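Each residue of the sequence shown is one higher than the one before, starting from 1 at the first, in this note's numbering.
Positions of the beta carbon are idealized from the N, C-alpha and C atoms, including for glycine.
Nothing here was measured: the structure is a model prediction, and the numbers come from that model.
The structure appears right after this line, and notes come after that.
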Amino acid sequence: MFFISHGEINKFKAGFSLMEMVVAIAIFSVLSISIYQGYAQIFKTTNFLKTKTVATNLANEQIEIIRNLPYDNVGTIGGIPSGVVDPSQEITREGIDFVVLTTIRNIDLPFDGTLGGSPDDLSPADNKLVEIEIQCALCQNFSNLVFNTNVAPQSLESLSTNGALRINVFDANGEDISGANVSIVNSGISPNIDIDDVTGNNGILTIVDAPPSFESYELLVTKGGYSMDQTYISDISNPNPIKPHVTVSQGQITDVSFIIDETSTMNISSVTDTCQAVSAFDFDLVSSKLIGTNPDVLKYDSNHSTNGSGLLSLSDMEWGTYTVNTTDSSYDVAGFNPFNPLTITPGVDQDLKITLFPKDSPTTLFTIKAQGTGDPISNAVVSLQKTGFNKTFLSGQSAKTQTDWSGGQGQVNYSDPTVYSSDDGGINVNNPIGSILLFEDIDGYVSSGELISSTFDLGPGVTYHDLSWSGDIPISTDIQVQIATTSSGTPTDFIGPDGTSSTFFTSIPTDIPAISDGDRYFRYKVSLSTSNPLFTPTFDNLEFNFSGNCVAPGQIAFQGLSNGTYTLTVNADGYQEFSQDIDLNNAWQEVLVEMDE
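Okay, structure coming up:
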């Protein structure tokens, strides 16, 4: 029989605490992760080095195969020089899939002169340059490998029976474009030629020892993010191409130039003069660049339509000058901003806003701009006259007019031109239609009446100009007109031309106070009164002029004009008066006025 003391029992129970276990596990985890990551990195590095070694060996293998070919066979299938080498191969080595691209070109060495130089080398195909590119799409962190070598003939060169192509690629400013893709196809000779290559740092690609052929080398020049340029076949649609397929002649250099540049985007919007979207507006967009003559063949000619929001974005547009020709059956153009035609520079986002009016043919758009600079001239006085007709407008402004209120009250926001917001019961808008009179009962005309128009939404960026109205004011009667504007909601504070509630607009055109500028919402109030029940004033129409973000600067449209000869007179501050007889005889036409200072 034996005994164990309490001290000995406690010694047997001693061990790791929970905190010590957590710390130990954390240290072990960190060490394990570090070891794993190190192993993974070693594995990746080993795989990368293996892939690169296999790719290098594959390139050397291809070079040796080419070096062992007869010199006349050193060339690509469909290339210049023509040969037996496949320009693109898919080859697997050690379980790795590679793509092998081979380019072979004749090179002209300077020791015996150069083609077109001094002395002139009539046999410029001295050596052949072989380029092998190894690609591996599925290999991690693999960059394409490129290897070059020269292959020389074993015998002296003989006089060439071929020619050469020198392809020059520039941008819109005449600067060289390097790295432009050049496609050369000729199916009119045997063997066929099909080459894809790129221009050098000087923007030139030279193809030496090209077989002679008449207008059968098809050339296409492209580059990512750039426009394209090409040669064209002569056919029924383009009998006289400006740049026909290229001819190569024996012993001659054929120089051909192409112009490409960064593409641009056209953002087109179709709107009313108050910036309300006009959906599905149809038009034709054409470029001034030609690819053929006699007859002219346009490089770009396409029908378009804006979407449900009145927008259209055209990407990959080539720089140049474009003209919009309307084909829409419901709307006429009341302005272009910028002017039409529109010039687009390379690599930009170009906005074009087309302002539209519902059709009321014939419509004439007058464009007023400065001679030389082409800048729009707004606020020019444009007068159009002929026997029995005399009308004046201001360029860069639009007008809103109401001449009929017979539809009655109840319309808060303006849409129906015959309806208004409210009246106090003291007016008559139906007898006659097109006028506002005081209400008449058995005792005669009531002493006063008031009408408030619907609210006009004129869009953003509004600048008000003048207001005028017409009517008849017999003795003992009066007409008072005021306006209210606001940047949001319904205007309620009515004012006169001095900006206070104590003045009123007369029938003579009067400037709207500048405090209203920027307020997109507008309405007017007409107050009629009489002190004699036998007489009533008569209010016939109201018109006000404004400009805004969707009113094209320097332009004004006349609608509903009858055909005939008119005298056009234009006056603008700082410019000489313009006067000329013009014939208006189309459903829609534009008259351009260029003014001298």
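- For P244, the pairing in a beta bridge is given by DSSP as Y232.
- The alpha-carbon separation between F258 and G396 amounts to approximately 41 Å.
- Here D316 is exposed: its Cβ has fewer than 16 other Cβ atoms, across all protein chains shown, within 10 Å.
- A distance below 6 Å between beta-carbons, with the five flanking residues on each side excluded, links P376 to the following residues of its chain, in chain order: K369, P553 and G554.
- About 6 Å separates the beta carbons of G163 and P212, which is inside the 8 Å limit, making them a contact pair.
- In this model, S143 and H304 are separated by some 43 Å (Cα to Cα).
- Restricting attention to T486, T323, S237 and G347, the CA atom closest to the CA of P338 is found in T323.
- A straight line joining the alpha-carbon of L542 with that of Y331 spans about 24 Å.
- Shown here, I495 sits in a strand according to DSSP, grouped into three states.
- Annotation: E577 to T199 spans about 55 Å, alpha carbon to alpha carbon.
- Setting aside the 5 residues that flank it on each side, S378 is surrounded in the same chain by S395, G396, P553 and G554, each with a C-beta closer than 6 Å to its C-beta; the list follows chain order.
- In the three-state reduction of the DSSP assignment, T530 falls in the strand class.
- Between the alpha carbons of N73 and T161 lies a gap of roughly 17 Å.
- Taken in chain order, the whole beta strand (DSSP E) runs of length 3 or more contained in the region 54 to 113 are 88 to 93 and 96 to 107.
- Bounds of the beta strand (DSSP E) holding T567 are G564 to N571.
- Taken atom to atom, the span from the alpha-carbon of F214 to that of S249 is near 8 Å.
- Residue environment for I260: buried (at least 16 other C-beta atoms within 10 angstroms of its C-beta).
- Looking at the DSSP output, R523 sits in a beta bridge with A484.
- In this structure, V246 is the residue among N173, S547 and V246 with its C-alpha nearest to the C-alpha of S234.
- One thing to note: Y414 has its Cβ no nearer than 8 Å to the Cβ of F546.
- Here the region 533 to 540 lies against the region 474 to 490, with 3 or more beta-carbon pairs under 8 Å apart.
- The three-state reading of DSSP puts K50 in helix, counting H, G and I together.
- In the DSSP annotation of this structure, the continuous segment of the beta strand (DSSP E) that includes L342 starts and ends at L342 to I344.
- Sixteen is the threshold: when 16 or more other Cβ atoms of the shown chains lie within 10 Å of the Cβ of V130, as they do, the residue is buried.
- The distance from the Cβ of T364 to that of G335 is about 12 Å, inconsistent with a contact at the 8 Å cut-off.
- Boundaries of the beta strand (DSSP E) around F258: I253 to I259.
- Residue pairing from DSSP places D196 in a beta bridge opposite S183.
- Residues of the same chain with a CB within less than 8 Å of the CB of I77, apart from the 5 flanking positions on each side, are G83, V84, V85, D86, P87 and P191 in chain order.
- When the Cα atoms are used, V333 and D360 turn out to be separated by approximately 11 Å.
- Between D573 and D511, the gap from beta carbon to beta carbon reaches 8 Å or more.
- Pairing S269 with L285 gives a Cβ-Cβ distance that is not under 8 Å.
- Non-local C-beta neighbours of N148 in its own chain, meaning closer than 6 Å and more than five positions away in sequence, comprise E131, ordered along the chain.
- If you draw a straight line from the Cα of L314 to the Cα of S227, it comes to about 14 Å.
- Taking C-beta atoms under 8 Å as the contact rule, N390 and G461 fail to qualify, at a distance of about 31 Å.
- Beyond the five residues adjoining it in sequence on each side, L384 comes within less than 7 Å, by CB distance, of K391, F558, Y566 and L568 in the same chain, given in chain order.
- Distance check between D97 and each of Q135, I66 and N106 places Q135 closest, using alpha-carbon atoms only.
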